[in-house]
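Please read the structure below before turning to the comments.
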Amino acid sequence: MDFVAAFVIIGGLGLIFGGLLAYTAQRFAVEEDARVETICDLLPGANCGACGFPGCINFAEKVVKGEAAVDCCVPGGKGVCDNICEVLGVESVASEIKKMAEVYCIGTKDVAYDKFVYHGVPDCKAAMMYGGGFKACKYGCLGLGTCVGICPFDAMHMGANGLPQVDVERCTGCGVCAKACPRGVIRIVNADRTGKVVLCNSKDRGKATRQACEVGCIGCKACVKACPNEAVVVEDNLAYIDSTKCDDCGKCVEACTRDIIKNAVKIALS
Amino acid sequence: MNLLAIIFVAILANNIVLNQFLGICPYLGVSKRIETSVGMGMAVIFVMTMSAIVTWIVYNFLLEPFGLVYLRTITFILVIAGLVQLVETILKKTNPTLFRALGIYLPLITTNCTILGVALLNVQAGHNIIQTIVYAISVAIGFTIALVIMAGIRERLELANVSSFLRGAAVSLVTAGILSLAFMGFKGMMTL
Amino acid sequence: MRDALRMALTLLIIGAICGGLLSVVNGITAPMIADRENQQFLQALEGFFPDVVKFEVQEINGEEFYSCYDAAGKFIGVVGKVKASGYGGEISYDLAVSDAGDIIGIRISSHGETPGIGDVITKPAFQDRVIGLNFADPISAGVDVDTVSGATVSSSGMINSIRRVMNVVGENFLGMEVEKAAIDLTKIADGTYTGTARGFKSDVTVEVVVSGGKITSLEIVSHDDTPGISDNAVKGMPQRIIDAQSLEVDVVSGASMTSQGIINAVFNALK
Amino acid sequence: MSTIAQEFSKGLLKENPTFRLLLGMCPTLAVSISAINGLGMGVSALFVLLCSNIVIAALRNLIPSKVRIPAYILIIATFVTIVDMVLNAFTPDLHKALGIFIPLIVVNCIILGRAEAFARKNNIVRSIIDALGMGIGFTLALTILGIIRELFGKGSIFGFGVMGTAFEPMGILATAPGAFITLGIMLGFVNFMFKRLRIE
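Quick mapping for you: the protein sequence lines, in order, are chains A, B, C and D. Using this note's numbering, read the first sequence as starting at 1 and increasing by one per residue. Using this note's numbering, read the second sequence as starting at 1001 and increasing by one per residue. Using this note's numbering, read the third sequence as starting at 2001 and increasing by one per residue. Using this note's numbering, read the fourth sequence as starting at 3001 and increasing by one per residue.
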């Protein structure tokens, strides 16, 4: 008797709930393309927003509806793009360029002077609210690690010199740090570029830069004159090197009095 | 046991999260933002009350007459799982943003110790149907209060200067410890 | 429609199999557990009554009382599995009373008292004060059995509960005339009497006026129990006692200690 | 697919259920008052996790995805009740020690968590290994927590007095706040170790 009662009661409850769930599943059915979930599993899931959509789930829905390009996912790169195309049955159009973040400032504590001592919330955006930041240079890196905290791939670590360092292997070029940096010190560049690069972001005129920092670019154009391939151009007191034209000859480095031009190729961090 | 005593004890003196340790996984997981906490609180209130009623009925009309008291845990957990799945499907349709915000923690309500705990406590204490409902609602409110307080604190903790190792769950556990210390103060005032 | 059926059927089958499996396993294990528990409790009883062989269970308003018999079938005593309310919530304990009415043992089975303070009730320091007392001795917290300092709430809770259980045991098992708080008003001469007893955490003094074999007025002269909590006891109890013209009134819930204190105080006044 | 060894070792350290995945908090906090309790809870949870992973992995294709959670819960609850009954009947003293923890296992998030995240997608062999890894990781975490709380809370380990009579036990560790704070600091310590190991 005991066996039958247990058998019937639990079985009965199971049946009631099975039926109830089946009914609600139909009545509240949400039309959802199965492919959305499969694609969502393929994506890195960092919700970094590099594709321009709020979170991977939204991107997956849009790409299935065809409202988003297949290779939007920057962190995923070619691999993810191929998988998506496979799921959607579309021919892959992945571009092979791998992107990377670069910190355009080498103004460490000892070379770049502070306007005042800041003991507020350890966050660059918060520091900016106090008279535009405690550093004399208006464009330099504040070193409070907003980018370190926000990086979804844990690719950004604070260096011993107080400036953030990019971990080349981990960085996927998603650009979250570039958007987060209130000073615009971080730029997204091609990971495989070679030649030289001007590691400064200061658009002040020479006199102001000299007062703020010992290594800031003063826009003296010495590098422009020294470069045999016209790879260097100066716009509002700041030098930029075009990596496609630069053949890494190093003449600009000798010409530069401020020791601000470094190698583009980074040695892997860890 | 008059109802006022039940309500007071369930919410303050013997808070289900801070004094009885039940429901910690969603408590830590969802209390990052106040909106999700309130959403989770509402879902828990609904599921807990419904499951308290249904389990009371099942226990008193199905299990006890047939002397199948040993099936108590399994039937309760089946009822709770069914109800949670129901809430999940309905929520997915009516409020998808809250559904995504709760994410993994909605199915985890099923294994949420509070709901099974309340069902078992009601049966053990021999509450009648009204006491069961009042107890379930007040425990759920206690859970929501603890959740919202925690969410409020954690939102401020994001900006605080917490060392990188203690950030996230570690610091919220220590905060929960201090909160539990505070709630312990109510314990002496009134006991069931 | 088809997968709806499949869903319902899956749950049905899994549920049924689980239910069946459980009942089979229960069928095997339940009898074993039952008689082992029986054995276990018998050993526990032997702790109190060495030569117990058989016991009967009787339930009185929610609490189980085990009357024990020796080999010759002679009634040798009662063990009650009873509850008291302490500081940290309910305390469940076993109280063993011999057929002569002496308390021969106490065993605390579960309590929520704060470790290090309230759990003195599990230690001889408290239990020896009560063991050996006879049914006839009046046991009331603070007057006959002083509470353990620092754990007043826990120990007075226990003592009041022991008094209550002794009355129940006396009445139902030992056939003694319950002398407890039922004072015979007619025998008391008119006049005003004062008495004190232990309330929640302070002494409660009352002034009782008796005339014509009736309590005409009952006033609480002094107490300093927790304001707010004890107020409704201070207001409620006198009226209840006067209406009932006896001390067998139930306590004001939520302030049971103070109410019990008032009853004991009146009892001491009219004793 | 990662190798068998990786599958097993990830449960111990990298994805330790208590310290990294933050699952199974309720029993961890409630039970780790003493080392023997922690061990007991860990072992019984491991056993149930193993059985349920096997059965769920075996049935993974038969159960329609819409009703998978109620079905898994039914299976887990059945195993827990069976373990409870069998222990109660055949090894009463072990059951007495583990008594209150066994019903707690039903609501242990690890088991449903692993069933939902792993056993549903992998074959039986992998599920067994995952269950072993996770179960032992959980037991380790619980025992360590139990040792710490018992050592400072009562001055003993596994019941043996260690700290001598002069030691004034910290009563708070036996209570609710103590559990929260100890686990919080333990999590901080584990994060610290992970950051340290990765950098070196």
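Glycine included, every Cβ here is placed at the ideal spot set by N, Cα and C.
Review point. Using the C-alpha atoms, what's the distance from N83 (chain A) back to A69 (chain A)?
Key: Locating residue 69 (chain A) in the first sequence gives position 69, where the first residue counts as 1. Locating residue 83 (chain A) in the first sequence gives position 83, where the first residue counts as 1. So the two alpha carbons sit approximately 14 Å from each other.
Check your understanding: In whole angstroms, what is the alpha-carbon distance linking D247 (chain A) and V103 (chain A)?
Key -> In the first sequence, the residue the question calls residue 247 (chain A) occupies position 247. In the first sequence, the residue the question calls residue 103 (chain A) occupies position 103. Spanning the two alpha carbons is a distance of roughly 22 Å.
Practice item. Identify every run of the alpha helix (DSSP H) within the stretch 196-238 of chain A, keeping only runs that are complete inside it and at least 4 residues long; order them along the chain. Key: 206-212 and 222-226
Exercise for review: Determine the DSSP secondary structure at A2244 (chain C), reduced to helix, strand or coil.
Suggested key: By 1-based counting over the third sequence, the position of residue 2244 (chain C) is 244. DSSP places A2244 (chain C) in helix when its eight states are reduced to three.
**Study point:** Whole-angstrom distance between F1076 (chain B) and A2181 (chain C), CA atom to CA atom
**Key:** Against the third sequence, residue 2181 (chain C) aligns to sequence position 181. Against the second sequence, residue 1076 (chain B) aligns to sequence position 76. With a pLDDT of 47 at A2181 (chain C), under the threshold of 50, the predicted position of this residue should be treated as unreliable, though the coordinate-derived value follows. Going from the Cα of A2181 (chain C) to the Cα of F1076 (chain B) covers about 46 Å.
Check your understanding: Whose C-alpha, out of D:I3004, D:T3018 and D:S3009, is nearest the C-alpha of L3187 (chain D)?
Key -> Here residue 3187 (chain D) refers to the residue found at position 187 when the fourth sequence is read from its first residue. The residue with the shortest Cα to Cα distance from L3187 (chain D) is D:T3018.
Check your understanding: How many Å lie between K1093 (chain B) and F59 (chain A) at the Cα?
Key -> To locate residue 1093 (chain B), count along the second sequence from 1; it is residue 93. To locate residue 59 (chain A), count along the first sequence from 1; it is residue 59. Rounded to whole angstroms, K1093 (chain B) to F59 (chain A) spans 20 Å at the Cα level.
Point to revise | chain A contact residues for T1075 (chain B), given Cβ-Cβ distances below 9 Å | key: Looking up residue 1075 (chain B) in the second sequence gives position 75. Within chain A, the residues near T1075 (chain B) are I9, I10 and L13.
**Study point:** Cutoff 8 Å: A2034 (chain C) Cβ touching any chain A Cβ
**Key:** Residue 2034 (chain C) sits at position 34 when you count from the first residue of the third sequence. It does not; no Cβ of chain A falls within 8 Å.
Review point. Residues in its own chain within less than 7 Å of L1098 (chain B) by CB, not counting five upstream and five downstream?
Key: Along the second sequence, one-based indexing puts residue 1098 (chain B) at 98. Contacts found: G1039 and L1091.
Practice item. With a 10 Å radius around its C-beta and 16 neighbouring C-beta atoms as the bar for buried, classify E2036 (chain C) as buried or exposed. Key: The residue you call residue 2036 (chain C) lines up with position 36 of the third sequence. The question names Glu, but residue 2036 (chain C) in the sequence shown is Arg. The residue is exposed, with fewer than 16 neighbouring Cβ atoms inside 10 Å.
Review point. If you draw a straight line from the alpha carbon of V2210 (chain C) to that of V2165 (chain C), how long is it in whole angstroms?
Key: Sequence index remark: in the third sequence, residue 2210 (chain C) carries index 210 (1-based). Sequence index remark: in the third sequence, residue 2165 (chain C) carries index 165 (1-based). Distance between the alpha carbons of V2210 (chain C) and V2165 (chain C) is about 29 Å.
Exercise for review: Along the alpha helix (DSSP H) that carries L3046 (chain D), what are the first and last residues, could you check?
Suggested key: For the purposes of this step, residue 3046 (chain D) is identified with residue 46 of the fourth sequence, where counting begins at 1. Looking at the DSSP string, the run of the alpha helix (DSSP H) that includes L3046 (chain D) is A3035 to A3058.
Exercise for review: Specify the secondary structure class of E2090 (chain C) as computed by DSSP and reduced to three states.
Suggested key: To locate residue 2090 (chain C), count along the third sequence from 1; it is residue 90. Correct three-state label for E2090 (chain C): strand.
Exercise for review: State the start and end residues of the unbroken alpha helix (DSSP H) segment that holds E3150 (chain D).
Suggested key: The count along the fourth sequence starts at 1 and reaches residue 3150 (chain D) at position 150. Taken as a continuous stretch (DSSP letters only), the alpha helix (DSSP H) holding E3150 (chain D) covers I3124 to K3154.
Review point. Between V198 (chain A) and I150 (chain A), is the Cβ-Cβ spacing less than 8 Å?
Key: As a working note, residue 198 (chain A) is residue 198 in the first sequence. As a working note, residue 150 (chain A) is residue 150 in the first sequence. Taking 8 Å as the Cβ cut-off, V198 (chain A) and I150 (chain A) do not qualify as a contacting pair.
**Study point:** Proximal chain G residues relative to A25 (chain A), where beta-carbon distance stays under 7 Å
**Key:** Judged by its chain identifiers, the structure shown contains no chain G, and its protein chains are A, B, C and D.
Point to revise | Stretch-stretch touch, CB-based, cutoff 8 Å, three pairs: the stretch 3151-3168 of chain D with the stretch 3015-3031 of chain D | key: no
Exercise for review: State the start and end residues of the unbroken beta strand (DSSP E) segment that holds R187 (chain A).
Suggested key: To locate residue 187 (chain A), count along the first sequence from 1; it is residue 187. I186 to N190 is the extent of the beta strand (DSSP E) around R187 (chain A).
Check your understanding: If you check the beta carbons only, do C147 (chain A) and I186 (chain A) fall under 8 Å apart?
Key -> For the purposes of this step, residue 147 (chain A) is identified with residue 147 of the first sequence, where counting begins at 1. For the purposes of this step, residue 186 (chain A) is identified with residue 186 of the first sequence, where counting begins at 1. Yes. Within cutoff.
Review point. Three-state secondary structure (DSSP) at V2252 (chain C)?
Key: As a working mapping, residue 2252 (chain C) is identified with position 252 in the third sequence. Coil, per DSSP.
Point to revise | Helix, strand or coil at V1058 (chain B) [DSSP, three-state] | key: Locating residue 1058 (chain B) in the second sequence gives position 58, where the first residue counts as 1. Of the three classes helix, strand and coil, the one that applies to V1058 (chain B) here is helix, per DSSP.
Point to revise | Sequence-distant residues of its chain with Cβ nearer than 8 Å to E2046 (chain C) (five each side left out) | key: Along the third sequence, read from residue 1 onward, the residue named residue 2046 (chain C) stands at position 46. Contacts found: V2052.
Check your understanding: By the criterion of Cβ-Cβ separation under 7 Å, what are the contact partners of G1188 (chain B) in chain C?
Key -> Within the second sequence, residue 1188 (chain B) is the residue found at index 188, counting from 1. The answer, in chain order, is Y2087.
**Study point:** Whole alpha helix (DSSP H) elements within the stretch 65-139 of chain A, 4-residue minimum
**Key:** 77-88 and 124-128
Practice item. Provide the residue span of the alpha helix (DSSP H) that contains P3070 (chain D), from first to last. Key: As a working note, residue 3070 (chain D) is residue 70 in the fourth sequence. Run containing P3070 (chain D): R3068 to F3090, per the alpha helix (DSSP H) assignment.
Check your understanding: Looking at C-beta atoms only, is the number of pairs between the stretch 1066-1075 of chain B and the stretch 3060-3071 of chain D that lie closer than 8 Å three or more?
Key -> no
Exercise for review: In angstroms with no decimal places, state the Cα-to-Cα distance between H3095 (chain D) and Q2043 (chain C).
Suggested key: For the purposes of this step, residue 3095 (chain D) is taken as residue 95 along the fourth sequence, with counting starting at 1. For the purposes of this step, residue 2043 (chain C) is taken as residue 43 along the third sequence, with counting starting at 1. So the alpha carbons of these two residues sit roughly 18 Å apart.
**Study point:** 8 Å contact criterion, which M2007 (chain C) and G14 (chain A) should meet: CB distance rounded
**Key:** Along the third sequence, read from residue 1 onward, the residue named residue 2007 (chain C) stands at position 7. Along the first sequence, read from residue 1 onward, the residue named residue 14 (chain A) stands at position 14. Actually they are not in contact, since the Cβ atoms of M2007 (chain C) and G14 (chain A) sit about 10 Å apart, beyond 8 Å.
Check your understanding: By Cβ distance, which residues of its chain are closer than 8 Å to V1123 (chain B), with the 5 residues on each side in sequence left out?
Key -> Within the second sequence, numbered from 1, the residue matching residue 1123 (chain B) stands at position 123. Within the same chain, V1123 (chain B) has close Cβ partners T1055, W1056, Y1059 and R1072.
Check your understanding: Is DSSP giving P282 (chain A) helix, strand or coil here?
Key -> Residue 282 (chain A) lies beyond the residue range present for chain A, which begins at 1 and ends at 270; the question has no answer from this structure.
Check your understanding: For G1185 (chain B), which option in D:K3010, D:G3038, D:L3013 and D:A3176 has the closest C-alpha, if you only look at C-alpha atoms?
Key -> If you number the second sequence from 1, residue 1185 (chain B) lands on position 185. Comparing Cα positions, the closest option is D:A3176.
Review point. Rounded to a whole number of angstroms, what is the C-alpha to C-alpha distance between V1017 (chain B) and A1146 (chain B)?
Key: Stepping through the second sequence from its first residue, residue 1017 (chain B) is reached at position 17. Stepping through the second sequence from its first residue, residue 1146 (chain B) is reached at position 146. Distance between the alpha carbons of V1017 (chain B) and A1146 (chain B) is about 7 Å.
Practice item. Output, in sequence order along the chain, the residues in the stretch 143-155 of chain A whose CB is closer than 8 Å to any CB in chain B. Key: none
Point to revise | Partner residues on chain C for Y1059 (chain B), Cβ-Cβ distance less than 7 Å | key: Counted from its first residue, the second sequence places residue 1059 (chain B) at position 59. Going along chain C, no residue has its Cβ under 7 Å from Y1059 (chain B), so there is no contact; the nearest lies around 15 Å.
Exercise for review: Using a threshold of 8 Å, state whether the C-beta atoms of M3025 (chain D) and L1181 (chain B) are closer than that.
Suggested key: Looking up residue 3025 (chain D) in the fourth sequence gives position 25. Looking up residue 1181 (chain B) in the second sequence gives position 181. Contact: no.
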